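S.K.: Just dropping this structure here.
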Amino acid sequence: MHFSKKHVEPIPEEQTAIWTCSNEDCSCWMRNEFSFGDLPSCPICHSSMTSDTKSLPVLTNGTKRSFQ
286 MHFSKKHVEP IPEEQTAIWT CSNEDCSCWM RNEFSFGDLP SCPICHSSMT SDTKSLPVLT
346 NGTKRSFQ
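The numbering of the sequence shown is our numbering, which starts it at 286 and goes up by one.
As structure tokens, this is what we get:
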């Protein structure tokens with residue numbers, strides 16, 4: 286009997302705009318398109334967050350931001 290792993294297709298990634306926590310002791314980050322404000326605060330330590338980019342799997346946000 287022969288078992289083989291299923292072929293897993295690679296997940297496409299792209300450079301994504303994110304917010305990162307400015308506190309060096311905190312590793313929190315969030316995607317820009319999933320944040321609740323223009324200048325969010327860290328949900329973990331409540332420090333300010335800075336804009337950055339990260340290579341992440343492609344996701345689509347089906348909700349529209351109505352607060353803008």
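We treat Cβ as the ideally placed atom computed from N, Cα and C, and that holds for glycine. Source: prediction; values computed, not measured.
#1: So, at 8 Å on beta carbons, what are the nonlocal neighbours of I329 in its own chain, with the 5 sequence-adjacent residues on each side left out?
#2: Cα separation between A302 and L341?
#3: By how many angstroms is the C-alpha of F319 removed from the C-alpha of C327?
#4: Which residues share a DSSP beta bridge with E318?
#5: Ends of the beta strand (DSSP E) at L341?
#6: DSSP three-state label for S312, please.
M.R.: Put simply:
#1: Sequence index remark: in the sequence shown, residue 329 carries index 44 (1-based). Contacts found: C306, C311 and C313.
#2: Taking the first residue of the sequence shown as 1, we reach residue 302 at position 17. Taking the first residue of the sequence shown as 1, we reach residue 341 at position 56. So the alpha carbons of these two residues sit roughly 10 Å apart.
#3: In the sequence shown, the residue the question calls residue 327 occupies position 42. In the sequence shown, the residue the question calls residue 319 occupies position 34. Across the structure, C327 and F319 are spaced so that their CA atoms are roughly 13 Å apart.
#4: Residue numbering aside, residue 318 sits at position 33 when the sequence shown is read from its first letter. E318 is not bridged to any residue.
#5: On the sequence shown, residue 341 is found 56 positions in, with the first residue counted as 1. Segment M334 to P342, the beta strand (DSSP E) holding L341.
#6: Here residue 312 refers to the residue found at position 27 of the sequence shown. In the structure shown, S312 sits in coil (DSSP, three-state: anything other than H, G, I, E or B).
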